[in-house]
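The sequence shown lines up with residues 1 to 529 when you count with full-length UniProt numbering.
Don't be surprised by glycine CBs; every beta carbon is placed ideally from N, CA and C.
Since the structure is predicted, the reported quantities are computational estimates derived from the model, not experimental observations.
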Amino acid sequence: MTDIWERAARLPEQQRAAFTAWARQAMTRRAALTACANPAELARQIDPGYNITPAIELIAEHLEQATTTRGARLLITCPPQEGKSTLVSVWTVLRQLQRNPDTRILLASYSEDLARQAAQTARNIITAYGTGARDPLTGVPLPDRLGLALASDRFAAGNWQIRGHRGGVVAVGMGGTITGRPCDMLVIDDPLKGMAAADSPTERAKVIAGFQGDLTTRLAPGAPIILIQTRWHENDLAGFLLAEDAKLPPAEREWTHINIPAVATRGVPDALGRPEGEPLVSARGRTVEDWRRIERAVGPRVWSALYLGSPYPLGGALFSQAWFDTYRLAAEPALYRRLVAIDPAETGKGDEAGLIAAGLAGDGTVVLSEDASGQMSSVQWPRRACLLALAYGATEVVFEAYSAPTTYAAMIARAYEDLVVEAAASGGHVEGVRVPAAPPFLVTPWTASGNALVRSAGLRHAVGTGGCRVVGHRLATMEAHAIRWQEGQHQPDRVAAATIAYDVLSGGGGVTLADGTGSWGEMPSGLGS
Numbered sequence: 001m002t003d004i005w006e007r008a009a010r011l012p013e014q015q016r017a018a019f020t021a022w023a024r025q026a027m028t029r030r031a032a033l034t035a036c037a038n039p040a041e042l043a044r045q046i047d048p049g050y051n052i053t054p055a056i057e058l059i060a061e062h063l064e065q066a067t068t069t070r071g072a073r074l075l076i077t078c079p080p081q082e083g084k085s086t087l088v089s090v091w092t093v094l095r096q097l098q099r100n101p102d103t104r105i106l107l108a109s110y111s112e113d114l115a116r117q118a119a120q121t122a123r124n125i126i127t128a129y130g131t132g133a134r135d136p137l138t139g140v141p142l143p144d145r146l147g148l149a150l151a152s153d154r155f156a157a158g159n160w161q162i163r164g165h166r167g168g169v170v171a172v173g174m175g176g177t178i179t180g181r182p183c184d185m186l187v188i189d190d191p192l193k194g195m196a197a198a199d200s201p202t203e204r205a206k207v208i209a210g211f212q213g214d215l216t217t218r219l220a221p222g223a224p225i226i227l228i229q230t231r232w233h234e235n236d237l238a239g240f241l242l243a244e245d246a247k248l249p250p251a252e253r254e255w256t257h258i259n260i261p262a263v264a265t266r267g268v269p270d271a272l273g274r275p276e277g278e279p280l281v282s283a284r285g286r287t288v289e290d291w292r293r294i295e296r297a298v299g300p301r302v303w304s305a306l307y308l309g310s311p312y313p314l315g316g317a318l319f320s321q322a323w324f325d326t327y328r329l330a331a332e333p334a335l336y337r338r339l340v341a342i343d344p345a346e347t348g349k350g351d352e353a354g355l356i357a358a359g360l361a362g363d364g365t366v367v368l369s370e371d372a373s374g375q376m377s378s379v380q381w382p383r384r385a386c387l388l389a390l391a392y393g394a395t396e397v398v399f400e401a402y403s404a405p406t407t408y409a410a411m412i413a414r415a416y417e418d419l420v421v422e423a424a425a426s427g428g429h430v431e432g433v434r435v436p437a438a439p440p441f442l443v444t445p446w447t448a449s450g451n452a453l454v455r456s457a458g459l460r461h462a463v464g465t466g467g468c469r470v471v472g473h474r475l476a477t478m479e480a481h482a483i484r485w486q487e488g489q490h491q492p493d494r495v496a497a498a499t500i501a502y503d504v505l506s507g508g509g510g511v512t513l514a515d516g517t518g519s520w521g522e523m524p525s526g527l528g529s
């Protein structure tokens with residue numbers, strides 16, 4: 001080393017200054033790297049308030065091992081808002097660039113914006129604490145604490161490079177364009193947007209295809225892969241990779257899975273090895289009572305996926321009888337918006353049509369009140385829907401409109417006209433229901449994106465958490481159909497109608513008052529003031 005400095009001293013002044021600056025930066029980078037054992041310690045060195053919990057420490061140790069092991073594969077699952085994404089996508093990225101500033105890092109997520117935010121945070125830390133940093137108020141030079149600087153010609157939030165080196169970060173969305181972008185380290189943070197996307201076989205297949213066909217083809221030999229993911233579905237990207245890995249002999253398996261549940265639970269892997277019932281020491285200070293409150297609020301599926309890291313198979317578990325029973329209402333509460341939801345009989349030749357009457361309670365609960373579904377023709381189901389709406393005091397009739405929306409609307413209008421004629425000849429009533437001359441409800445079409453499983457995600461979650469409740473046992477057949485429904489099967493028509501009802505009522509929107517106020521119950525105090 002002495003010889004290097006002696007040779008540097010003989011360089012022309014400009015070259016000597018450039019070499020000295022380069023050497024000083026490299027020495028700072030090496031000193032900063034050796035001063036910390038892992039990326040969590042780097043985070044606390046820069047931010048003294050950074051909280052290294054036992055979970056963060058364990059994850060950081062595995063990250064250090066993964067980034068220093070050729071071809072490592074690491075999967076991390078733990079509860080949200082506990083620091084894992086920042087630790088991986090920011091501090092591990094910075095530490096890897098300290099170790100080797102030529103590392104080309106690809107940050108991927110379901111959303112390019114999400115990946116860009118992480119890349120931008122890492123970039124801003126280099127600007128604030130790296131080579132050439134200055135106090136933002138006074139402009140006074142600050143000590144270099146990272147040994148890294150940004151290239152002057154490539155420093156965009158989602159695409160930046162280390163000055164004097166080929167390494168840097170590119171942020172992409174799953175399925176985004178990455179052609180011509182070689183990768184020495186791949187970080188994937190939540191490849192699926194959420195439960196609805198995970199429930200879609202098409203979305204899951206797209207993510208897996210993107211991983212196999214796009215991301216892995218950009219990897220340099222020996223590049224590590226770090227995957228952070230919420231385990232919404234057993235066949236998601238993580239599930240696919242673990243299943244493929246399990247096919248190999250034990251000595252050849254590549255993936256290490258670190259799962260840290262919010263509360264140690266029997267049957268759920270816990271990398272911390274805690275006794276059953278012991279809560280996670282939270283980076284945000286959550287207590288065991290906080291965790292249990294969250295569990296009650298989010299319902300069993302979200303709790304299992306987000307907070308335990310353990311998806312349960314959807315087959316046979318799309319709905320649970322216990323969900324209906326736990327939140328069953330003894331009587332119908334006051335409702336301030338009422339509608340009838342229709343899943344039309346598709347052939348019009350006597351197949352089942354779903355007809356569900358539902359309302360919105362003052363506390364925001366969606367209440368499923370009546371089920372008039374059944375085997376009906378194209379003449380019968382519009383008539384029954386109109387009579388149900390009149391008897392229930394509905395202000396809206398909403399029908400699934402993926403096919404023939406104009407025809408369905410005309411069929412409902414024609415059915416009401418026929419009821420008016422029939423009522424005129426029988427004292428103004430049909431089947432004991434008063435039929436006014438003009439319909440007291442709006443008729444509107446409904447569509448939503450995704451397949452039936454995806455569209456029903458909101459209803460399933462609400463039934464499991466009490467956000468949607470049934471009145472007594474009036475919908476016993478619908479419940480039976482729901483709990484028998486399995487992934488890959490045709491969605492029961494009654495469940496499809498309940499899905500529409502929940503989607504419309506939980507989404508809010510304009511309310512059209514029916515004639516009279518009796519069906520609306522008592523106005524809550526203060527609501528009209």
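- The Cβ atoms of PHE319 and ARG494 do not sit closer than 8 angstroms to each other.
- For MET478, no beta strand (DSSP E) run applies; the uninterrupted alpha helix (DSSP H) run containing it begins and ends at 476-484, by DSSP.
- Looking at the DSSP output, ASP371 bridges to ILE356.
- When DSSP states are grouped into helix, strand and coil, PRO39 belongs to the helix group.
- In the DSSP assignment, SER456 falls outside any alpha helix (DSSP H) and carries neither an H nor an E.
- For ALA32, same chain residues with a beta-carbon under 7 angstroms away, outside a window of 5 residues either side, are GLN98, ARG145, LEU146 and GLY147 in chain order.
- Close CB contacts of ASN51 within its chain, under the 8 angstroms cut and outside five residues either way in sequence, are with GLY83 and ALA283 (chain order).
- Residue ARG292 holds the alpha-carbon nearest to the alpha-carbon of THR265 among LEU248, GLU244 and ARG292.
- In this structure, the CA atom of GLY472 is about 9 angstroms from the CA atom of ASP325.
- Contact annotation: LEU150 and ALA122 have beta-carbon atoms that are not nearer than 8 angstroms.
- As DSSP reads the structure, TRP446 sits in a beta bridge with GLU400.
- Looking at LEU390, VAL88 and PHE240, the one whose alpha-carbon comes closest to that of LEU186 is VAL88.
- Going by DSSP, MET185 is part of no alpha helix (DSSP H) but of the beta strand (DSSP E) stretching over 185-189.
- Relative to the Cα of GLY194, the nearest Cα in the group ALA251, SER109, VAL281 and ASP270 belongs to SER109.
- When C-alpha distances from LEU241 are compared across GLY458, LEU75, ALA345 and ILE260, the shortest belongs to LEU75.
- Around the Cβ of THR202, a 10 Å sphere holds fewer than 16 other Cβ atoms; the residue is exposed.
- The criterion of a C-beta distance shorter than 8 angstroms is satisfied by VAL420 and ALA437.
- Under the DSSP definition of a beta bridge, PRO279 partners with VAL263.
- Apart from sequence neighbours up to five positions away, the residues of its chain that approach PRO269 with a beta-carbon distance below 7 angstroms are ASN259, ordered along the chain.
- With fewer than three CB-CB distances shorter than 8 angstroms, the region 479-491 does not count as touching the region 426-436.
- In terms of CA proximity to ALA372, ALA353 leads the group GLY362, ALA353 and LEU360.
- Around ALA26, the same chain offers GLY147 as residues with beta carbons nearer than 8 angstroms, after the five sequence neighbours per side are excluded.
- For the pair SER152 and ARG166, the Cα-to-Cα distance works out to about 13 angstroms.
- Closest in C-alpha terms to VAL454, from the list PRO224, PRO80, THR34 and ARG204, comes ARG204.
- When the beta-carbon positions are compared, LEU272 and ALA55 come within less than 8 angstroms of each other.
- Short of 6 angstroms from the beta carbon of ASP343, and not among the five residues preceding or following it, lie these beta carbons of its own chain, in chain order: GLY354, GLU400, ASP493, ALA496 and ALA497.
- Each residue's CA atom was taken as its position, placing LEU227 and LEU142 some 35 angstroms apart.
- Here THR395 is buried. Its C-beta has 16 or more other C-beta atoms within 10 Å.
- In this structure, the straight-line span from the alpha carbon of CYS36 to that of GLU112 is close to 31 angstroms.
- Non-local beta-carbon contacts of ILE125 in its own chain, meaning distances under 8 angstroms to residues more than five positions away in sequence, involve ILE46, VAL90, LEU94 and LEU146 in chain order.
- For GLY362, the closest C-alpha among the options ARG383, PRO333 and ALA345 is that of PRO333.
- By the CB criterion at 8 angstroms, ALA501 and LEU368 fall inside the cutoff.
- The DSSP-derived three-state label of ASP290 is helix.
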